[in-house]
Amino acid sequence: MAKKKHIKPRASKKGLPPGSAIYIGEDRTHTTSIERISYNSSEIINEQNFKLSDLNQLDGSMVHWLNINGIHENDVVESIGNYFNIHSLTIEDIMNTFQRPKSDEFEHYIFFTLRMLVITKDGIDINIDDEQISFILTENVVISFQEKPGDVFDTVRDRLQDQTKRIRSKGADYLAFSLIDLIIDSYLEHIEYFNKETEEIENKILDTPKQIHLNAIQDIKYELITLRKHIVPTREAVARLLRSESNLIKRDNIKYFNDLQDHMYQVVDQLDILRDLNANQREMYLSMISLKMNKVMEFLTILSSIFIPLTFIVGVYGMNFVNMPELTSKWGYPITWGVMLLITVLNILWFKKKNWL
Amino acid sequence: MAKKKHIKPRASKKGLPPGSAIYIGEDRTHTTSIERISYNSSEIINEQNFKLSDLNQLDGSMVHWLNINGIHENDVVESIGNYFNIHSLTIEDIMNTFQRPKSDEFEHYIFFTLRMLVITKDGIDINIDDEQISFILTENVVISFQEKPGDVFDTVRDRLQDQTKRIRSKGADYLAFSLIDLIIDSYLEHIEYFNKETEEIENKILDTPKQIHLNAIQDIKYELITLRKHIVPTREAVARLLRSESNLIKRDNIKYFNDLQDHMYQVVDQLDILRDLNANQREMYLSMISLKMNKVMEFLTILSSIFIPLTFIVGVYGMNFVNMPELTSKWGYPITWGVMLLITVLNILWFKKKNWL
Amino acid sequence: MAKKKHIKPRASKKGLPPGSAIYIGEDRTHTTSIERISYNSSEIINEQNFKLSDLNQLDGSMVHWLNINGIHENDVVESIGNYFNIHSLTIEDIMNTFQRPKSDEFEHYIFFTLRMLVITKDGIDINIDDEQISFILTENVVISFQEKPGDVFDTVRDRLQDQTKRIRSKGADYLAFSLIDLIIDSYLEHIEYFNKETEEIENKILDTPKQIHLNAIQDIKYELITLRKHIVPTREAVARLLRSESNLIKRDNIKYFNDLQDHMYQVVDQLDILRDLNANQREMYLSMISLKMNKVMEFLTILSSIFIPLTFIVGVYGMNFVNMPELTSKWGYPITWGVMLLITVLNILWFKKKNWL
Amino acid sequence: MAKKKHIKPRASKKGLPPGSAIYIGEDRTHTTSIERISYNSSEIINEQNFKLSDLNQLDGSMVHWLNINGIHENDVVESIGNYFNIHSLTIEDIMNTFQRPKSDEFEHYIFFTLRMLVITKDGIDINIDDEQISFILTENVVISFQEKPGDVFDTVRDRLQDQTKRIRSKGADYLAFSLIDLIIDSYLEHIEYFNKETEEIENKILDTPKQIHLNAIQDIKYELITLRKHIVPTREAVARLLRSESNLIKRDNIKYFNDLQDHMYQVVDQLDILRDLNANQREMYLSMISLKMNKVMEFLTILSSIFIPLTFIVGVYGMNFVNMPELTSKWGYPITWGVMLLITVLNILWFKKKNWL
Amino acid sequence: MAKKKHIKPRASKKGLPPGSAIYIGEDRTHTTSIERISYNSSEIINEQNFKLSDLNQLDGSMVHWLNINGIHENDVVESIGNYFNIHSLTIEDIMNTFQRPKSDEFEHYIFFTLRMLVITKDGIDINIDDEQISFILTENVVISFQEKPGDVFDTVRDRLQDQTKRIRSKGADYLAFSLIDLIIDSYLEHIEYFNKETEEIENKILDTPKQIHLNAIQDIKYELITLRKHIVPTREAVARLLRSESNLIKRDNIKYFNDLQDHMYQVVDQLDILRDLNANQREMYLSMISLKMNKVMEFLTILSSIFIPLTFIVGVYGMNFVNMPELTSKWGYPITWGVMLLITVLNILWFKKKNWL
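Residue numbers (our numbering), protein chains in the order written: chain G, 263 to 619; chain A, 263 to 619; chain L, 263 to 619; chain B, 263 to 619; chain W, 263 to 619.
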């Protein structure tokens, strides 16, 4: 069984004033890059290396998506924060990569942070890699922050290129929804993955239950605990978004966020079913082991019951008393065999009657 | 134990824009057919192959039921959606056959989707087949979407033919209620079925508990998990319908939807009792196995306890020491037998006292 | 263990239009009889065979109690329904004897349905017989519907005869309360009964745990599940009555219905404690069995440990090697005995130290 | 394990009209006595045998505390009820000593009833004796009803004598609070007591787990169930008092009742922790027993494994075949010993490697 | 396993009037000292031994932090209480060191009390030391009460010295938030500590499960119960603070208290995961022990099954019948060996087939 960190530390922040713009997470050395896509229904601009100094040239009539790859450079995040007038606590939440998924509503922007989960399998060890992705939604800008390059957003990028797609005629709120939706959709994939693993183990246990299967069940249990830790607060965050009365989310698009919530409920439903199946499997494993043990003991008992009396009998006639009339009798030996056979047959009949055979 | 998919994938949708009218489900090749029944208190029109081009000829003074058999042809569903001005997310929900049961209220229509469950038994394998059925209720039209032909609606069809039935004098909301009620009623049948299965297993276990019974208990447990997955969100959907303030459901008929909710509570109550019984059965099975094991071990212990000392004694007089006075004594052999009998009797008395016999 | 129906079917209703006045339940052949008691503070009229045709002669200044024995005759129930203008869904609820306990409030009447439970004991099999009792409360009439003659209402009948009792000066709402209160009071009796059974089993288990005790525990568990199924929805129904704003229940008498709710809470409290005790008993049984098993195994182990080495030793000197100096030694035999005694003593001391003896 | 009544009967009330002033409880023969303390900030009057006929002479400018010892004399309770215009249901609640703790608010008085618990230990049997104490709070009178003389109120009596204490300058509501607070404080003592018992058992189990410890754990579990039965409804009653809008509790003193609720939460918190510890202890006991069993079985297995092959070998050379060359060989005997030693050594090494030794 | 007090007594308070300023806790003999830090954005005053007589000289334009080290001297706490007009119940809560964490809002001040936890490890015994810390927040003063010198507030002290820090420009509410935040942050450290312990035990169990590991799991379980007892009410207290409408917390700073709540949710989340892991570990331990036991029994069974028949055979030819033709046959001995070998081989093959080897 692999040894994993189920709970990540946050202690390194201790002692810092709240709202400190200090990156807390694994060491990152890559340079932060900013991708920018600006569009309206007629025009689209793609830029791979957007410079922060161009922030004030963003056209108010277009929707802008700024995708920040890397959040370990304080000055980048802080510059953006200053330009868009972001609260220092939001900045802290973005940079503290152990943040619980949540949504926060401010007067002029909405903040949403959740986890992108990547499952990797190394031999029989399953690993969930999680990366924090934060979103800031303002009137016409969506800013996404991710810890490192590489994401699940390619389908949105593709749709944005196509002028006929609905996304091109909708505002920043719809863009934010599309991005969050992709991440939540990926949760369903993960659940499906664990479901497949669970089914495979079940089939193997029904053949021959082995210690490694118990470990695999345990492993999946741990991963499901981890998944749940990320997913349940995400559901709450989506629900909070829906209850919000911010006019950054247009009345028209509220249906889409409703849809997000539906998906989150489906994710949690299925996660709970998986946990049920997993717990069940463990019980099944243990009862199969116990049944096997029972059979082993029954076998030993039956064998012993048959031979113990016989061994006693042959012991009797192995005694060296001078005065043992049976020993000198001509029929002593065959009669002894006969008696022993009779005892054996009666024994077996008795076991049959007792339903032990 | 049969191997089933407890959680169905939805991953194939991943990457599609939300609200895409794309069928997600098993391959379906049959042609979509549309059944139409229009009625008012005096007149009724049945049409097996209604054409979408006739949609605009539907008479505003009648109630119309359009029953769509097959939802895998995008253009059919989309045409209907366009004609009735259905939101693209609703279209997506109709065509994604892994949709969680839910109800959704729009300005000019109410959307309701749930599962029709069909239980089939193949040898000892129980299978729950589930098909998604969606309803759209507008002012005077009910549209039902099902994945394939064949449904549980025949009793409604029959009632509609009879001019004296209440349904003929009620509006589209009462028709929608009648259709949903039939499906929910069928859940009670399923629960009754599992109840009968559970009782049968119980009786068998009380006779002789066998491994296959444990598997059957396990199987039913899985099916109950699946049932619950479909039924609990349905209850929520009905509750949401009741809280709705849409005037598509007339004040007069709200009592009927209240009745639907009562039925859902009864379904969930009984499902929970079944789950309790199922869990109980498993425990009973395991404790019966454990009791049997105890008896086996007790038997072995008693037998061993009686023969082990005797075997020792006969071993002693099987030794070949030259100087063993007992061996040459005339009464040595009978006395030995006497001692052994005495030990046996004392042993048995002791076991009796200890309550092991 | 008795085989019981824990979940009763309702399938026979399937396919009927909602609100059908069709009796669903066990076959009943007795004739429906109607008992009528009319009273005010000064006068009381008892009639055993009230005729429905006299309904319109009921005096508006008196309180009338119509007690319907038998609900399997559709026309009787329907006539009453028509006269008092009862909703068809209420009629259905009255006649469907598998109805979940509930209360329903209409403009001109309140509907309340619950279960009267009768416990019978056949040998060691405990049986809960349940009969549905429904009440309709209008301005000055209480109608009670029961499946068959015989009920728990005699104390109310007696009190009604006595002009000095409070019930004579109160209205129909107080009469309804008194009747429901009697049924709920009888629940406490049932719980007390199961409590006594539970205590008896506990005492027996502490003496000698036997398989039949486990079955009895199981049986009580099933009965408690059944009780709970009836009682929890009854509590909800009472709570709903209290939240109602119908003026059929006078402000003055609301305290009495409050009292009903207190009783329901007490019933559910005690039921939950009983379930706790029952679950506990099962665990106790299993741990006592397991302790007994442990003792059996310890005994076997100690006995084996003592005799196995001794048997080996006597086996050694039973060998027939020609060259075994011990055999011919004069002290061989007594020394062997000495060694065997020594081993036995050491063994016993060791077990004592290990706390196994 | 002691046999106790976990659920007390209430059946004796069955059939009585609701609100009947009839004492339901254990037989009480002592005479009801009434203690009266009247005070204001300057004056205090103590009277041990207050007469009901003096009720109308109670001075409106003082706070009066009437402590009724004994509630089995109907006329005493009824006279008080009549004088203070108490609702008949309240009278019933006072006299039915199996009443669930609750608070009830009427226009001109507040009713509060709870349990005073007294723990007695008879040998190893712990017993919770519970007595019902009810309070009625009117504008300037507090009436307390207890089943028998002797209570926990002495500290309040003492404080009342001291003119400098805050209680002397506060009204009847503060007096009621002080009395209830004393009872709730005594709950904490009981919990502490069970905590001490639990710790003692834990220490004993860690030494040598015995059957009587399991019984003691079971006993405490039952007592905790009983405690919880009384305490949880008390918490609800206090909460209800706080939500009340009666002006019998002055705005100024609401903080004190808030404090009561804090105490109740603390009591329930600690009770739940105790239940946790108790359940834990049971599991610990069972796993220690199971570990001991494992060791016993391992010991038996190792001993058997060593001697079974040796016994076989000596058996071989105990055979009486004429043609057994080993027997006549000079080195046969010592070689056999050598082989047996070798087998033993290898066996032990193998066990060591397997980590069984 | 260490013996700890899981529930601390509060009985010593019993009988005291509510709101008594009497210290309840461990014996403390050190002198109470008062530290005072006063600051505004331009100036800061530190004083180690502030005198209560100087209270009235506190400048209204500065923020004052009074840190009281020691709460066992009644007069100190009471003087402060009098000066700031603190309710006597608050005084009681400060001095009763077994107070449940809570927040209380008064007209002119807010009261907050929680626990500072210090984990010490003595050999393998883990100990949680908890000290009560209370805060009083008024318009421009924060008073913190701690049982003894030494706290976690040093980082706040440092930040206060630095004129450029945000804390210097914020009011008393922000100071209170900063202090509480530090304590809550320290909870995450404790959870991380237990997480590390849990991981270490897991690794050890996977190697060789031993009794001491079960004790360690048990120990951690107890500590987690203790942690939860302190942390859950703290979460409630923070939530209550957020719902408060006191204007002592400025609208501007409410976001920071929101952040506190986020942290509390994270703490409780992780605590619950730890409890899950801990429970899991126990189950894993027990199933590994059970698997080991199974292997031991299988080994014994196989060994016995092989040797029991062989021992019987050699017993047969150890019998002393005169008429045993096999004994005198030349091939008797080798054939016997052959038969025994054959039986052994068949036995082993059969076990292989049965999957026991």
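The beta-carbon is built from N, C-alpha and C at its ideal position, and this holds for glycine as well. Just so it is clear, the structure is predicted and the values come from calculations on it, not from any experiment.
DSSP three-state label for residue i, please.
i      : result
L/W599 : helix
W/S274 : Note on W/S274: pLDDT 48, under 50, position unreliable in the model; the coordinate value appears next. Helix at W/S274.
W/A264 : Model confidence at W/A264 stands at a pLDDT of 42, short of 50, so the residue's coordinates are unreliable and nothing is read from them.
W/V404 : strand
A/F613 : helix
W/N344 : helix
G/T606 : helix
B/S282 : coil
B/I474 : helix
Does the Cβ of residue i have 16 or more other Cβ atoms within 10 Å, making it buried, or fewer, making it exposed?
i      : result
G/W327 : buried
B/N617 : exposed
W/K383 : exposed
G/S274 : At G/S274 the pLDDT is 48, less than 50, meaning the model places this residue with poor confidence; the figure from the coordinates comes in the next sentence. When all chains shown are included, G/S274 counts as exposed.
G/G343 : buried
L/P587 : exposed
A/R362 : buried
A/P411 : exposed
A/E459 : buried
A/V339 : buried
B/T496 : buried
Quick one: does residue i have its CB under 8 Å from some CB of chain A?
i      : result
G/P571 : yes
L/G594 : yes
Please check the pair residue i and residue j, which I expect to be a contact at CB under 8 Å, by giving their CB distance rounded to whole angstroms.
i      : j      : result
A/N311 : A/S406 : The pair is not a contact, with the Cβ atoms about 16 Å apart (cut-off 8 Å).
L/L351 : A/K517 : 6 Å
A/R290 : A/G322 : With 8 Å as the limit, A/R290 and A/G322 do not qualify as a contact, their Cβ atoms being about 33 Å apart.
W/L486 : W/H452 : Their Cβ separation, rounded to whole angstroms, is 10 Å, which puts W/L486 and W/H452 out of contact at 8 Å.
L/F574 : B/L572 : 5 Å
Shorter than 8 Å from the beta carbon of residue i to some beta carbon of chain L?
i      : result
B/K466 : no
B/I479 : no
A/Q528 : yes
B/A501 : no
8 Å is my cut-off, CB to CB: does residue i come that close to chain G?
i      : result
A/K475 : Inspection of the sequence shows that residue 475 of chain A is occupied by His rather than by Lys. It does not; no Cβ of chain G falls within 8 Å.
Return no unless some Cβ of chain W is closer than 8 Å to the Cβ of residue i.
i      : result
G/N582 : yes
Would you check if there are 3 or more beta carbon pairs closer than 8 Å linking the region 301 to 319 of chain G to the region 368 to 385 of chain G?
No, they do not touch.
Can you find at least 3 beta carbon pairs, one from the region 408 to 422 of chain L and one from the region 460 to 479 of chain L, that sit closer than 8 Å?
With the rule of 3 Cβ pairs closer than 8 Å, the region 408 to 422 of chain L does not count as touching the region 460 to 479 of chain L.
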